Amino acid sequence: MRSFLRLRALVNSPVNIGITLACLALLAWMVPPLLHWAVLDAAWSGGPEACRAAAGACWPYVGQKYGFFLFGFYPSEARWRPLLALLLMLALLAGNLVPRFWNRRLLIAWPIILALVVWILGGGLGLPPVPTESWSGLPLTLLIASFALVLGFPLGVLLALGRTSKLPFFRMVCTVFIELQRGLPLVAVLFMASVMMPLLVPAGVTPGKLLRAYLAFTLVAAAFIAEIIRGGLQAVAPGQAEAATALGLGYWRTMQRIVLPQCLRVSVPSLVGVAISFFKDTSLVTVIGLTDLLGAVGAASRDPVWLGHDVEGYVFAALVYFTFCFSASRYAAWLERRLQDGARIARAAAVEQAYASRLAIRSEASTA
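Position 249 (the sequence shown) corresponds to 567 in the working numbering; numbering is contiguous.
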C-alpha cells in the first residue's frame with residue numbers, strides 16, 4: 319500500500335507528471351549506452367589485447383588490479399597485514415552498529431583496536447617494519463576517517479559546551495577555533511599541518527605525513543561536530559537543565575545524564591552526514607603525498623600495460639564509496655526511527671505513571 323502511494327505521488331499533478339516523464343526520458347537516453355559499455359560490449363576475460371579489441375569496459379583490468387586498489391603501495395608479499403587491519407576496523411565499525419554493545423567496553427575497544435591496527439601495519443608483533451608512506455588504499459582511508467571522528471567527537475563536544483558557556487574567555491576561544499576551522503578549506507588545513515607542524519616540534523623530531531593528516535582531519539572534524547552538538551543543545555528544552563539543577567545535580571552530571579543524551583538523539587542524522595563527508599574527504603591526503611583508495615586507483619591507471627582503462631578503476635572506487643556511504647545513511651535512518659520510538663515509549667510510560675500516581679492520590683484522599 320505504501321509503495322502504491324509513493325508511485326501515485328509521481329503522477330498526481332501536471333508538474334509531477336512532467337518531472338516523471340523527463341526522468342524517464344533521461345533514463346532512456348542514458349541506460350542503453352551504459353548497458354552496452356558495462357555489460358554487452360565489455361571484455362570479461364583475457365588480457366590487455368582483449369580489452370583493446372572490445373568496444374566496452376575492460377573488467378579484467380579491475381580483476382588484475384583490485385589488490386592494488388585496496389592496498390596500494392603496501393608490499394605485495396605482506397598484504398595479509400592490511401587485510402587483517404581492514405577486517406579489524408570493519409568488525410569494530412559493525413560492533414558500533416549494534417545497540418546491545420553500546421557500553422563502556424566499546425569505548426575501550428576503540429583505542430585498543432586502532433592501536434592494534436597501527437601496530438600491524440607498522441610492523442609490530444615481530445613483523446618487518448613498513449613505513450607509513452607505504453600505507454595506502456582502503457585501510458588508510460578507514461584509518462584516517464576513524465582517527466578523525468574518534469578523536470574529534472569528544473573534542474567537538476567540549477568545544478560545543480565551551481561555545482555555549484557563560485564564561486566569556488572560554489566562549490571566545492571556542493568560537494574563534496570553530497569558525498577558523500570551518501572557514502578554511504580542508505586542503506588548506508592539510509597544507510598548514512604539513513608545513514607548519516614540523517616547525518612547532520623540537521629540532522630533530524620530524525612528524526610523519528600520516529600524523530599530520532591525523533591532526534588536520536581531527537581538528538576540522540571537531541569543529542564541524544561542535545556545531546552539530548551546539549545545535550542539538552539548543553534543541554533541548556531549557557527546563558531539562560533547570561529541573562536537574564533543582565534536584566541538586568552539578569553541571570557535568572546534568573550534561574552527562576540529562577542534556578547530552580537528548581542532544582545526541584536529535585543530532586544523529588547530522589553526525590552521520592559528517593562521518594560520510596570525512597570518509598570521502600580522505601581523498602585529499604594525496605596533496606601531502608599519501609595514497610588513499612582513490613589515489614591508489616589513480617596510480618594504477620598509470621601502468622603502461624593497461625593504459626586507457628582508468629574509468630573502470632574509478633567505477634570500482636565509486637562502488638566502494640557508495641557501499642560505505644549508502645550503508646551508513648540507511649543505518650542512520652534506522653537508528654533515528656529507533657530512538658524516536660524509544661522516546662515515544664518513554665513519554666507514554668511517564669504519562670501512564672503520572673496518571674497512576676494521580677489515581678492513587680485521589681484514592682487516598684477519598685479514603686481519608
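Even glycine gets a Cβ: it sits at the ideal position worked out from N, Cα and C.
As the structure is a computational prediction, the values presented were derived from the model and not from experiment.
*Could you give the DSSP three-state label for GLY413: helix, strand or coil?*
Position 95 of the sequence shown, counting from 1, holds the residue named residue 413. DSSP places GLY413 in helix when its eight states are reduced to three.
*Which residues does DSSP pair with GLY501 in a beta bridge?*
Walking along the sequence shown from the start, residue 501 turns up at place 183. Beta-bridge pairing links GLY501 to no other residue.
*GLU497 to ALA375, Cα distance in whole Å?*
Translated into positions along the sequence shown, residue 497 becomes position 179. Translated into positions along the sequence shown, residue 375 becomes position 57. About 46 Å.
*Residues near TRP377 by beta carbon distance below 8 Å, same chain, minus five either side*: Within the sequence shown, numbered from 1, the residue matching residue 377 stands at position 59. For TRP377, where only same-chain residues beyond five positions count, the Cβ hits under 8 Å are ALA360, ALA361, TRP362 and GLU630.
*Output the residue ranges of the beta strand (DSSP E) runs that lie fully inside the stretch 595 to 646 and measure 3 residues or longer, sorted by chain position.*
none
*asked:* So, with DSSP's three-state summary, where would you put GLY455?
replied: The residue you call residue 455 lines up with position 137 of the sequence shown. In this structure, GLY455 counts as strand in the three-state DSSP scheme.
_Using DSSP's beta-bridge definition, name the partner residues of ALA361._
On the sequence shown, residue 361 is found 43 positions in, with the first residue counted as 1. CYS376.
_Rounded to the nearest angstrom, what separates SER595 and PHE391 at their Cα positions?_
Sequence index remark: in the sequence shown, residue 595 carries index 277 (1-based). Sequence index remark: in the sequence shown, residue 391 carries index 73 (1-based). Their Cα atoms are separated by approximately 25 Å.
*Local conformation of LEU467 per DSSP, three classes*: As a first step, residue 467 is located in the sequence shown; it is residue number 149 there, counting from the start. Here LEU467 sits in helix by DSSP.
*asked:* Please state whether the Cβ-Cβ distance between LEU608 and ALA635 is less than 8 Å.
replied: Residue 608 sits at position 290 when you count from the first residue of the sequence shown. Residue 635 sits at position 317 when you count from the first residue of the sequence shown. No. Outside cutoff.
*May I have the straight-line CA-CA distance separating SER585 from ARG648, to the nearest angstrom?*
Start at 1 with the first residue of the sequence shown, and residue 585 comes out as number 267. Start at 1 with the first residue of the sequence shown, and residue 648 comes out as number 330. Taking the straight line from one Cα to the other gives about 16 Å.
*Can you tell me whether DSSP reads GLY441 as helix, strand or coil?*
Position 123 of the sequence shown holds residue 441. DSSP places GLY441 in coil when its eight states are reduced to three.
*Check whether the Cβ atoms of VAL507 and VAL538 lie closer than 8 Å to each other.*
Taking the first residue of the sequence shown as position 1, residue 507 is located at position 189. Taking the first residue of the sequence shown as position 1, residue 538 is located at position 220. Yes.
*Output the boundary residues of the alpha helix (DSSP H) element that contains TYR569.*
Here residue 569 refers to the residue found at position 251 of the sequence shown. Per DSSP, TYR569 belongs to the alpha helix (DSSP H) from 569 to 572.
*In chain order, what residues of the same chain have a beta carbon less than 7 Å from the beta carbon of LEU408, not counting five sequence neighbours either side?*
Residue 408 sits at position 90 when you count from the first residue of the sequence shown. Around LEU408: no qualifying Cβ.
_So the candidates are ILE426, LEU456 and TRP624; which of them puts its Cα closest to the Cα of LEU637?_
The count along the sequence shown starts at 1 and reaches residue 637 at position 319. For LEU637, the nearest C-alpha among the options comes from LEU456.
*Using the C-alpha atoms, what's the distance from TRP437 back to GLY444?*
Here residue 444 corresponds to residue number 126 of the sequence shown, with the count starting at 1. Here residue 437 corresponds to residue number 119 of the sequence shown, with the count starting at 1. Approximately 10 Å, taken between the alpha carbons.
*asked:* Less than 8 Å between C-beta atoms, sequence neighbours within five positions excluded: which residues of the same chain meet that for PHE509?
replied: Here residue 509 corresponds to residue number 191 of the sequence shown, with the count starting at 1. Answer for PHE509: VAL605 and ILE606, listed in chain order.
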